[in-house]
Structure formats: C-alpha cells, structure tokens
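Below is one structure; the comments refer to it alone.
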Amino acid sequence: MVCVAFGCHVGTGRTFYFPLKNPKLCAEWVRRVGRKDFVPGKNSYLCQKHFAPEMFLAPEQNVDSRGRPRKRIHLVEGAIPTIFCDKAGRMPKKRKAREPLCLSSSVKASQSVVDLDHDYAESDRRSTSVEVDQKSKIDRLTKENDRLSVLLNKTFNSDQLKALDPNTKKVHAWSEGTLKKSIAKLLMCGPTGYEHCRSEGEPLPCIRTLHSHLAKINFEPGLLEDMFVLLSQEVARMAEVDKYCCLMIDEMAIQSCIEYDQTTQSLIGHPTMLASSAAASDSLATHALAFVLGSCSQRRWKMMVAYEFTGKSFCAQEAVRLLGKIVSRSSQIGVLVKSLSMDMGPCNQAI
Ligand SMILES: [Zn+2]
C-alpha cells in the first residue's frame, strides 16, 4: 500500500486516511489528488508531506480528551492536502500564494455537513484575513530589507556586494573605490591580516590584484607623489602622536646595467641625480638612494617617498633640495618630520 498522491512512492511521516465519513471533504481531497477516475477506499491514504504546516494542530491544541498532549501530530478539522508533485515527480518548492488555507477548520465534527455556500463564505473570509496578514508581513519584510540594504551599502561598494552573492562567479573588474579601500586595508593590516579578512568572507580583491594595480602608480625617480597620496589616506586615521616621523636615507648598491622599464617605457640605468664631480653623464648608476619616512611612535608604519639613481658620488646640494621637498610635502599631508637618519658615507656627510 502506498500513498495515493501522484508520483509519491515512499510515504514519509504520518499517514492520513481519506475522510470517507465526510463526503464533501472527501470529495475535496479527491479533487486535490487529481487522479483520473480515482475512488478512495477505506485503505486509501495520503502521507504527511501533502499537508501544509497550518493544516496541523498546534502543539497546545494537540491534546487528547483528558487534555494530555498527544505524541502524534493531528490534522485540524477540515484540513485539505495542498502539496503535490508535478508531472516530473518533483515536490513544489513553495506553496501557491492564493491556495485557500483551510476549508472549515473551525467547524466542529458534528456540524461538518454544512451547506456549500456557507463553506465557501467561510473559506473566503479566512483567505481574506490571511491575505491581510501576508500583506502586512510583506510590508514589514520590505521595510526590514530596505533598512538592511542601506546598512550593507554603507559598508560595501556595489561590486563587493556582487562578490558577496554566492551565485556570482569571480569578480573580474573591481571598482576604483574598492581597490583604493582594499589597498588602504592592506597597508593597515599587512598581508596576513588582509588574507585573514578575506578568509572570513569579506569581499576583497586578492593581494595579487592589488599589487598589479599598485604597479600602475607613478614610480619614476624623484619625489613619489603617488606615495604621498597613499600616505595621506593613512594619516587621516592616525593618532596625533603617530604623525611624528623620521626621514631615513639609505643607499644600496645596484648592479650597473641599462634596462628597459615597462611601466615608464624608458631606458633606465643612468644616474638621475647629478654627480658632485663632473662625471660623465653617460656613466651607469651604481647605487640607489632611497628616502623612507617611518614612524617614531609605537604604531609602526613606513613608506618610501622618493628615490634616485646615483653614480659613485652625488651632489649633496641636489640631495638637500630633495630633502626639503620631502619635508614640505610631508607637512602638507600632516606628517611631521622630526629627525633625519643616514649612515656616514662621505656624500652623506656632505649633506
Ligand atoms: Zn504521499
């Protein structure tokens, strides 16, 4: 014996026999089942899954004649089955919106044979009240949805929201705003912190994307204006004490050669800072001079703000001019250079 519903081969949960003693209700069940020429017998039943949740007695009503709670679930009076498989044998995902919920659940068993008109009136009244209920529920949910959308939009850009959606594939083009925000985050948290945020599900571009984006910033010898722009974003979040910094000058030996720089599309390798002596301008650079700003406080930050290629020696006056530019540009963005540090090479001593 199986459940009589079309396509339902394995009954699950409780089973409910056709209400043969209530011909009108039984006829409704038969109509809902929708099988051609189907006549229910005393063994015909439907399984529990064809009844919507509201067709069952609430726990507090599901009691026996002595008022003790019953173990098994029971249908309300006049309950009708509303959930059936489609032709392909699939159960519906959600109930049809306008399905009347119950024909006459409040009518007692003794009054169950009532005239048709009354029954439909009852059903109409119920479905209207259900509609009102649902409408207010929809209104409430729409308002809640709007409120949450506003909150989400405050925190995330639209491309980030798209990335949050599990149905979207990888985001290929991050917006300028998101990239800027993410670079700032990477600077603040460091790569480990940044990757942690990503692993927690925050919609952020991967570090490689940020690096390839950063490769686009202007990085020609001299004052690195783009780095000051980046630094100024960070300064905005700094405490007053963290804005004091030290300017460090460091020299590093580089391999002398001429190379083609793809980002600037030019040949590099010659000194970019004038030599002190009248050295030949076609000589190759042997050193790189890096100018780095770093914090003096507990909060660690540092940023390279200028660099030059030099020969064996360089013009100290030229270097001093660059130092002056760095200090004044720093104070423009709110960073105060309080000290200068460098090793004691002969050129440095000249500065
Ligand atoms: Zn079934």
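Each residue of the sequence shown is one higher than the last, beginning at 845 in the numbering used here. Here a beta-carbon is modelled for each residue, glycine too, at the ideal position from N, C-alpha and C. As the structure is a computational prediction, the values presented were derived from the model and not from experiment.
With 16 as the cutoff for other CB atoms within 10 Å, does residue i come out buried or exposed?
i, result
"residue 1097", "exposed"
"residue 1152", "buried"
"residue 998", "exposed"
"residue 1193", "exposed"
"residue 1117", "buried"
"residue 1010", "exposed"
"residue 853", "exposed"
"residue 1038", "buried"
"residue 798", "A query on residue 798 cannot be resolved here, the shown segment of the chain reaching from 845 to 1195 and no further."
"residue 897", "exposed"
"residue 899", "buried"
"residue 1158", "buried"
"residue 884", "buried"
"residue 1047", "buried"
"residue 1185", "exposed"
"residue 1007", "buried"
"residue 996", "exposed"
"residue 922", "buried"
"residue 1023", "buried"
"residue 1179", "buried"
Counting only the same chain and skipping the five closest in sequence on each side, list residues whose C-beta sits under 8 Å from that of residue i.
i, result
"residue 1052", "none"
"residue 849", "877, 890, 891, 894, 925, 928 and 929"
"residue 1032", "1078 and 1081"
"residue 861", "886, 887, 888 and 889"
"residue 1171", "1091 and 1181"
"residue 873", "862, 863, 884, 890, 924 and 925"
Among the options, which has the Cα closest to the Cα of residue i?
i, options, result
"residue 1091", "1135, 1066 and 1115", "1135"
"residue 1088", "1143, 1157 and 882", "1143"
"residue 1156", "1164, 1095, 1174 and 1043", "1095"
"residue 902", "910, 911, 912 and 920", "920"
"residue 1132", "1146, 884, 1139 and 1114", "1114"
"residue 1030", "1154, 1006, 1075 and 865", "1075"
"residue 1021", "1049, 1035, 1042 and 1043", "1049"
"residue 1019", "974, 1012, 1057 and 1162", "1057"
"residue 1154", "1163, 1147 and 1146", "1163"
"residue 1191", "1175, 1169 and 1160", "1160"
"residue 857", "881, 873 and 918", "918"
"residue 1169", "1188, 875 and 1068", "1068"
"residue 1187", "1139, 1093, 1137 and 1109", "1093"
"residue 1165", "1035, 1023, 1195 and 1043", "1195"
"residue 1139", "1086, 1102, 1109 and 1167", "1086"
"residue 1001", "1013, 1042, 1025 and 1102", "1025"
So, at 7 Å on beta carbons, what are the nonlocal neighbours of residue i in its own chain, with the 5 sequence-adjacent residues on each side left out?
i, result
"residue 1072", "1149, 1173 and 1177"
"residue 1104", "1111"
"residue 907", "913 and 914"
"residue 1065", "1116, 1151, 1152 and 1153"
"residue 992", "none"
Could you give the first and the last residue of the continuous alpha helix (DSSP H) run that contains residue i?
i, result
"residue 1171", "1160-1177"
"residue 1194", "1190-1194"
"residue 868", "867-877"
"residue 1068", "First-last for residue 1068: undefined, no H or E at that position."
"residue 1144", "Counting along the chain, residue 1144 falls outside any alpha helix (DSSP H), and DSSP gives it neither H nor E."
"residue 1157", "That residue, residue 1157, is in no alpha helix (DSSP H); it is neither H nor E in DSSP."
"residue 1054", "1051-1058"
Got a sec? Which residues, its chain only, sit under 6 Å from residue i by beta carbon, not counting five neighbours each side?
i, result
"residue 1027", "1054"
"residue 1196", "Past the boundaries of the shown model lies residue 1196; the chain is included only from 845 to 1195, so the question cannot be answered."
"residue 1062", "1070"
"residue 863", "869 and 870"
"residue 956", "Because the pLDDT at residue 956 is just 41, under 50, the model does not fix this residue reliably, and the point stays unresolved."
"residue 1147", "1071, 1075 and 1137"
What residue does the beta strand (DSSP E) around residue i start on, and which one ends it?
i, result
"residue 1182", "1180-1186"
"residue 860", "859-861"
Taking Cβ positions only, does residue i come closer than 9 Å to chain B?
i, result
"residue 906", "Annotation note: the requested chain B is absent from the structure, which comprises a single protein chain."
### Task
Within the segment 884-935, note down every full beta strand (DSSP E) run reaching 3 residues or more, in order along the chain.
DSSP assignment within the segment 884-935 yields the following whole beta strand (DSSP E) runs of 3 residues or more, N-terminal first: 889-891.
What residue ranges within the segment 1080-1142 form continuous beta strand (DSSP E) runs of no fewer than 3 residues, ordered along the chain? Fully enclosed beta strand (DSSP E) runs of no fewer than 3 residues occupy 1088-1097, 1103-1105, 1110-1112 and 1131-1139 of the segment 1080-1142, in order along the chain.
Report the residue ranges of all alpha helix (DSSP H) runs contained in full by the segment 1008-1048; include only those spanning at least 4 residues, in chain order.
Entirely contained in the segment 1008-1048, the alpha helix (DSSP H) runs reaching 4 residues are, in chain order, 1020-1043.
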